[in-house]
Amino acid sequence: DTTVKQNPRYKLARVGKPVNLICSQTMNHDTMYWYQKKPNQAPKLLLFYYDKILNREADTFEKFQSSRPNNSFCSLYIGSAGLEYSAMYLCASSSWGENTLYFGAGTRLSVL
Amino acid sequence: GDSVTQTEGLVTLTEGLPVMLNCTYQSTYSPFLFWYVQHLNEAPKLLLKSFTDNKRPEHQGFHATLHKSSSSFHLQKSSAQLSDSALYYCAVNNNAGAKLTFGGGTRLTVRP
Chain A
908 DTTVKQNPRY KLARVGKPVN LICSQTMNHD TMYWYQKKPN QAPKLLLFYY
958 DKILNREADT FEKFQSSRPN NSFCSLYIGS AGLEYSAMYL CASSSWGENT
1008 LYFGAGTRLS VL
Chain B
408 GDSVTQTEGL VTLTEGLPVM LNCTYQSTYS PFLFWYVQHL NEAPKLLLKS
458 FTDNKRPEHQ GFHATLHKSS SSFHLQKSSA QLSDSALYYC AVNNNAGAKL
508 TFGGGTRLTV RP
């Protein structure tokens, strides 16, 4: 079962409020990723967990936090949402070194 | 760093005509190239991948040949079907890990 699930599918947030997005996978993959996708732009890697080690991309380091309480779950946390955070957020998982990523259907975040 | 260019943002075809979606890349290391397809409201899924120069992987009627001399990995299909309507992403992995760098995507619409 190659399943990555994201909850919720749609989320509305207010400017200045925190946002927490959830992702789960059932494939026992050691690596989980979060990508941000804005209209007419390429999906952009925000961060990834390899096992328990969090790696955040340099240009978004201060904007996003994440936690991985166990192998199956990974969250993406925004401490104070701004309008610029409105986007589709895609979670993915893989076994490090196998190159193929398995994606969830995404959470569409709208910040008002 | 790695980069991927997909020159067409939108492609509209009539059913039965050939499909060609362009992808060129820049990568520091020996790259893996990927095509992902995302149908409406679904997760992006792997369509094809290649590491070997001048080999032509095929899946679901689609094929793509990695040409390292021209840094290209164009996606082709001989005859478009209505069900091929989707968003197609070309992506590169630099073999230094499982992080993918995506192109901006090409939205293919196939009409009767």
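The listed protein sequences derive, respectively, from chains A and B. First residue of the first sequence? That's 908 in the working numbering, and the numbers climb one at a time after it. First residue of the second sequence? That's 408 in the working numbering, and the numbers climb one at a time after it. A virtual CB, placed ideally from N, CA and C, is assigned to each residue, including glycine.
My understanding is that residue i touches residue j, with C-beta atoms under 8 angstroms, so please give their C-beta distance in whole angstroms.
| i | j | result |
| --- | --- | --- |
| Phe509 (chain B) | Pro950 (chain A) | 5 angstroms |
| Phe971 (chain A) | Leu990 (chain A) | About 16 angstroms separates the two Cβ atoms, so there is no contact after all. |
| Asn500 (chain B) | Leu507 (chain B) | 5 angstroms |
| Thr459 (chain B) | Thr431 (chain B) | Not a contact, Cβ separation roughly 18 angstroms. |
| Met427 (chain B) | His481 (chain B) | 6 angstroms |
With 9 angstroms set as the bound, which would you pick, yes or no: does the beta-carbon of residue i sit closer than that to a beta-carbon of chain A?
| i | result |
| --- | --- |
| Thr508 (chain B) | yes |
| Pro453 (chain B) | The residue you asked about is not Pro; residue 453 (chain B) is Leu in the sequence shown. Yes, its Cβ sits closer than 9 angstroms to a Cβ of chain A. |
| Ala450 (chain B) | yes |
| Tyr432 (chain B) | no |
| Tyr496 (chain B) | yes |
| Lys462 (chain B) | no |
| Gly468 (chain B) | no |
For residue i, count neighbouring C-beta atoms within 10 Å of its own C-beta (all shown protein chains included) and say buried if the count is 16 or more, exposed if not.
| i | result |
| --- | --- |
| Tyr992 (chain A) | buried |
| Pro438 (chain B) | buried |
| Pro915 (chain A) | exposed |
| Ile985 (chain A) | buried |
| Gln488 (chain B) | exposed |
| Asp491 (chain B) | buried |
| Phe968 (chain A) | exposed |
| Lys456 (chain B) | buried |
| Gly512 (chain B) | buried |
| Gln943 (chain A) | buried |
| Ala965 (chain A) | exposed |
DSSP puts residue i in a beta bridge; with which residues?
| i | result |
| --- | --- |
| Thr412 (chain B) | B:Thr431 |
| Glu465 (chain B) | B:His470 |
| Ala999 (chain A) | A:Tyr940 and A:Phe1010 |
| Phe458 (chain B) | Paired residue(s): none; Phe458 (chain B) is not in a bridge. |
| Thr421 (chain B) | B:Arg518 |
| Phe968 (chain A) | Answer by DSSP bridge pairing: none, since Phe968 (chain A) is not bridged. |
| Tyr919 (chain A) | It should be noted that the sequence gives Leu, not Tyr, for residue 919 (chain A). According to DSSP, which records beta bridges pairwise, Leu919 (chain A) is partnered with A:Ser1017. |
| Thr933 (chain A) | Paired residues: none, contrary to the question. |
Sorry if obvious, but does the Cβ on residue i come closer than 8 angstroms to a heavy atom of the ligand HEM?
| i | result |
| --- | --- |
| Asn500 (chain B) | No copy of the ligand HEM appears in this structure; indeed no ligand is present at all. |
Could you confirm whether any beta carbon from chain B is found closer than 9 angstroms to the beta carbon of residue i?
| i | result |
| --- | --- |
| Phe1010 (chain A) | yes |
| Tyr940 (chain A) | yes |
| Asn978 (chain A) | no |
| Gln972 (chain A) | no |
| Gln948 (chain A) | yes |
| Asn1006 (chain A) | yes |
Is there contact here, the segment 416 to 427 of chain B with the segment 996 to 1004 of chain A, by at least three beta-carbon pairs under 8 angstroms? no
Contact between the segment 1005 to 1012 of chain A and the segment 441 to 451 of chain B is defined here as three or more beta-carbon pairs at a separation below 8 angstroms; is this criterion met? yes
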